[in-house]
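Here is the structure we will look at.
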């Protein structure tokens with residue numbers, strides 16, 4: 001009923017009359033921008049009424065334009081890869097489902113990982129309600145006007161914004177009417193295309209795109225299919241702006257997962273792999289049906305903005321979002337599992353901006369959201385359990401309610417000094433309902449106040465210093481809430497049930513830095529320090545090492561240094577530009593704990609060789625997080641002249657500790673660092689644009705993910721390193737034909 005009310009509310013927004021005198025939005029950015037520029041504003045309050053000048057913001061912001069987004073072909077995360085401190089992982093073995101890491105935090109499609117980056121599409125949080133994960137394949141990447149990455153828990157983004165927030169703004173059909181047809185193809189059976197139509201007529205603007213893509217994938221059981229449609233209708237006037245949008249996504253993605261190091265180095269294979277490929281990186285581990293993920297999304301969104309007078313502006317938005325996930329896990333020593341998740345979300349936000357003069361902007365608002373989540377886990381027969389009958393092992397859900405109240409102030413004290421502050425209250429209610437055993441039902445309430453205070457000052461012409469403090473929080477998700485009882489630890493992997501309450505994760509973050517902007521060069525440097533309280537981790541029951549529970553650790557820490565530089569033009573080579581970035585990150589445990597690990601899964605075997613038993617990882621203060629590289633760097637050289645454009649980019653990721661080596665013992669070594677070189681070229685021929693992309697130009701062998709786990713398909717089931725092989729060199733070519 002509540003979701004239906006939300007749909008009716010969105011429909012009412014679409015019917016609002018708006019004056020027809022259209023004008024270009026004030027916050028457009030240069031087509032090649034990936035840095036902070038004067039005159040550009042960042043949406044620190046999730047809705048456009050909350051914008052502040054980015055050059056005066058007391059926190060670092062990266063802004064990426066549509067032209068650069070169009071050069072990415074797999075996910076929005078790929079667009080961010082060369083930004084300072086950003087690195088991508090690949091746990092499932094698919095380029096469409098990457099893990100994104102920033103400042104020692106992460107956001108990922110993998111359920112069970114601590115999700116600490118908020119992602120918004122046109123002001124709507126799209127972290128999924130069951131585990132706060134983000135499925136990058138469901139984002140309308142080809143339909144984005146720009147991407148904003150706000151670093152640190154600044155602004156009023158609410159829960160889960162410990163490392164920052166990723167704000168995605170979709171396109172409008174403003175300007176001349178046009179139709180664009182795009183087709184592309186590449187290695188490993190990669191084929192796709194899209195049809196775009198946009199323009200203005202009768203006072204309305206329309207933008208729409210239908211796209212399809214499929215690929216056989218490089219590895220076995222690595223097929224992917226993506227179907228997406230996006231439409232946005234708006235009407236802009238002198239004092240009003242309104243739009244309504246709809247996104248449809250229907251995908252099928254196979255993930256071949258990580259492989260044991262012994263297989264990759266030519267070791268013994270199971271008997272069922274009788275004819276392995278020449279390149280063993282192409283193998284799939286389980287030998288069964290293979291894992292797959294099949295999501296479906298329907299997303300309705302609407303927005304209305306009205307200028308009441310010269311100083312007062314009001315914004316109203318509403319959304320309804322429906323997702324269904326089918327996640328199949330092909331298991332070896334256990335029965336196969338099928339997870340069926342249905343999420344129905346709806347919400348609204350109201351924001352008022354008061355601007356008595358150009359130097360003062362005050363934004364205040366309220367946002368509400370309701371998430372109805374149903375989860376069913378099925379146990380299915382396989383080779384290990386051929387006689388097992390299909391049955392439901394878990395049937396649970398929640399009706400989560402979220403309420404946020406916030407206010408935001410930007411004050412330009414003088415021509416050189418600006419102050420920004422924000423304050424927010426969040427109420428999160430996460431009741432747990434066990435439909436198989438109602439005695440397990442329980443309620444969980446989280447109330448948190450967060451905020452930020454920052455100052456920026458121009459010390460020299462074109463040089464601005466900034467500093468700030470911010471407090472953020474992350475609310476526990478169902479997987480954590482339902483496995484938090486030390487008296488009743490859960491088998492690994494975890495089961496669902498009502499357990500004692502967990503505390504929310506909170507952070508106190510400080511950052512200081514400077515940015516410069518001159519006619520030919522821009523630079524930025526930021527140092528940050530985040531103290532994380534009550535961080536959530538899976539710990540092991542000392543008496544039953546194969547069982548565990550989630551608990552709050554007293555503290556963890558993230559510190560780092562980020563730097564970037566852009567040379568906008570080179571006198572000796574007109575049309576060329578250079579962008580570089582470098583970052584140092586240190587993410588550490590600051591308490592004693594015994595954590596869970598992949599090699600502890602399954603039942604203990606009393607007859608197992610003691611030499612093959614690996615104790616659970618014990619962490620001490622100062623131990624570093626796995627998969628977080630200490631150093632990352634990026635370099636991109638662009639050249640544009642006439643109808644030609646080319647980009648050569650280099651991305652470096654340093655060595656990392658393996659999952660399972662949280663204690664930093666290095667008994668199994670580290671995950672090696674790597675550097676990848678990519679090339680993009682394009683040429684405009686009349687109304688057509690021809691382009692080609694070569695990823696991993698030097699065909700480097702690398703591993704973006706690694707863990708320590710028993711090789712249950714090996715001859716002795718030894719514990720060894722597992723790697724997800726990185727993609728080899730591959731080419732994609734395509735053409736866009738635009739008709740005005």
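In the working numbering, the protein residues as written are 1 to 740.
Every residue gets a Cβ at the ideal spot worked out from N, C-alpha and C, and that includes glycine.
Because the structure is a prediction, the values reported are computed rather than measured.
Boundaries of the alpha helix (DSSP H) in which residue i is found, first to last residue
{"i": "residue 68", "result": "66–69"}
{"i": "residue 581", "result": "No alpha helix (DSSP H) holds residue 581; the beta strand (DSSP E) holding it covers 576–589."}
{"i": "residue 261", "result": "261–264"}
{"i": "residue 481", "result": "478–481"}
Euclidean distance between Cα positions of residue i and residue j
{"i": "residue 724", "j": "residue 676", "result": "16 Å"}
{"i": "residue 718", "j": "residue 259", "result": "13 Å"}
{"i": "residue 68", "j": "residue 205", "result": "24 Å"}
{"i": "residue 207", "j": "residue 196", "result": "8 Å"}
{"i": "residue 439", "j": "residue 479", "result": "18 Å"}
{"i": "residue 567", "j": "residue 646", "result": "16 Å"}
{"i": "residue 70", "j": "residue 592", "result": "46 Å"}
{"i": "residue 61", "j": "residue 151", "result": "6 Å"}
{"i": "residue 237", "j": "residue 243", "result": "12 Å"}
{"i": "residue 189", "j": "residue 289", "result": "20 Å"}
{"i": "residue 634", "j": "residue 148", "result": "18 Å"}
{"i": "residue 355", "j": "residue 307", "result": "11 Å"}
{"i": "residue 659", "j": "residue 134", "result": "21 Å"}
{"i": "residue 641", "j": "residue 570", "result": "13 Å"}
{"i": "residue 76", "j": "residue 84", "result": "16 Å"}
{"i": "residue 644", "j": "residue 574", "result": "13 Å"}
{"i": "residue 671", "j": "residue 317", "result": "45 Å"}
{"i": "residue 477", "j": "residue 158", "result": "15 Å"}
{"i": "residue 396", "j": "residue 423", "result": "35 Å"}
{"i": "residue 507", "j": "residue 474", "result": "9 Å"}
{"i": "residue 454", "j": "residue 443", "result": "37 Å"}
{"i": "residue 235", "j": "residue 241", "result": "6 Å"}
Any non-hydrogen atom of the ligand COA within 8 Å of residue i CB
{"i": "residue 667", "result": "By its list of ligands, the structure shown contains no ligand whatsoever, and the ligand COA lies outside what it can speak to."}
Contacting residues, own chain, Cβ-Cβ under 7 Å from residue i (five flanking each side not counted)
{"i": "residue 49", "result": "Because residue 49 carries a pLDDT of 42, less than 50, the predicted location of this residue cannot be relied on, and the following value inherits that uncertainty. Cβ neighbours of residue 49 beyond the five flanking positions: 305, 313, 315, 351, 353, 363."}
{"i": "residue 25", "result": "Because residue 25 sits at a pLDDT of 41, beneath the cut-off of 50, its placement in the model cannot be relied upon, and the following sentence gives the value as read from the coordinates. Once the five neighbours on either side are set aside, residue 25 has no close Cβ partner at all."}
{"i": "residue 704", "result": "88, 89, 90, 724, 726"}
{"i": "residue 459", "result": "465"}
Contacts around residue i, its chain only, beta-carbon distance under 8 Å, and the 5 residues preceding and following it disregarded
{"i": "residue 191", "result": "184, 185, 213, 214, 215"}
Residue i, enclosing beta strand (DSSP E) - first and last residue
{"i": "residue 352", "result": "336–357"}
{"i": "residue 302", "result": "291–307"}
{"i": "residue 741", "result": "Lying outside 1 to 740, the shown extent of the chain, residue 741 is not represented and no answer is given."}
{"i": "residue 119", "result": "117–121"}
{"i": "residue 77", "result": "Not the beta strand (DSSP E): residue 77 falls in the alpha helix (DSSP H), residues 76–79."}
{"i": "residue 87", "result": "86–89"}
{"i": "residue 179", "result": "178–186"}
{"i": "residue 248", "result": "240–255"}
{"i": "residue 321", "result": "312–329"}
{"i": "residue 200", "result": "190–201"}
{"i": "residue 457", "result": "445–460"}
Beta-bridge pairing of residue i - partner residues as DSSP gives them
{"i": "residue 756", "result": "Outside the modelled stretch of the chain, which goes from 1 to 740, sits residue 756, for which no answer is possible."}
{"i": "residue 728", "result": "DSSP output for residue 728 lists no bridge partner at all."}
{"i": "residue 394", "result": "377"}
{"i": "residue 512", "result": "467, 527"}
{"i": "residue 439", "result": "Note: residue 439 sits in no beta bridge, so no partner."}
{"i": "residue 628", "result": "BP columns for residue 628 are empty, so no partner."}
{"i": "residue 142", "result": "Paired residue(s): none; residue 142 is not in a bridge."}
{"i": "residue 521", "result": "567"}
{"i": "residue 689", "result": "684, 736"}
{"i": "residue 639", "result": "576, 646"}
Cβ-based neighbour list, residue i, same chain, cut-off 6 Å, excluding 5 preceding and 5 following
{"i": "residue 534", "result": "503, 505, 552"}
{"i": "residue 729", "result": "696, 699"}
{"i": "residue 367", "result": "349, 404"}
{"i": "residue 94", "result": "253, 255"}
{"i": "residue 327", "result": "293, 339"}
{"i": "residue 173", "result": "198, 199, 205, 206, 207"}
{"i": "residue 163", "result": "102, 103, 105, 116, 117"}
Exercise for review: Determine, using beta-carbon pairs with one atom in the segment 103–110 and one in the segment 215–225, whether at least three such pairs fall under 8 Å.
Suggested key: no
Review point. How about the segment 401–409 and the segment 421–432: do they share at least three Cβ pairs that are nearer than 8 Å?
Key: yes
Point to revise | Inter-stretch contact (C-beta, 8 Å, three-pair minimum) for the segment 619–632 and the segment 654–661 | key: yes
Check your understanding: Using 8 Å as the Cβ pair cut-off and three pairs as the minimum, do the segment 329–347 and the segment 368–388 touch?
Key -> Cβ pair count under 8 Å is three or more, so yes.
Point to revise | Meets three-Cβ-pair contact criterion under 8 Å: the segment 683–697 and the segment 659–667 | key: no
Point to revise | Inter-stretch contact (C-beta, 8 Å, three-pair minimum) for the segment 111–121 and the segment 278–296 | key: no
Practice item. Kindly confirm or deny that the segment 251–265 and the segment 703–712 touch, where touching means at least three C-beta pairs closer than 8 Å. Key: These segments touch.
Review point. Using 8 Å as the threshold, is the segment 124–143 in touch with the segment 71–87, meaning 3 or more CB pairs across them?
Key: With contact defined as three or more Cβ pairs closer than 8 Å, the segment 124–143 and the segment 71–87 are in contact.
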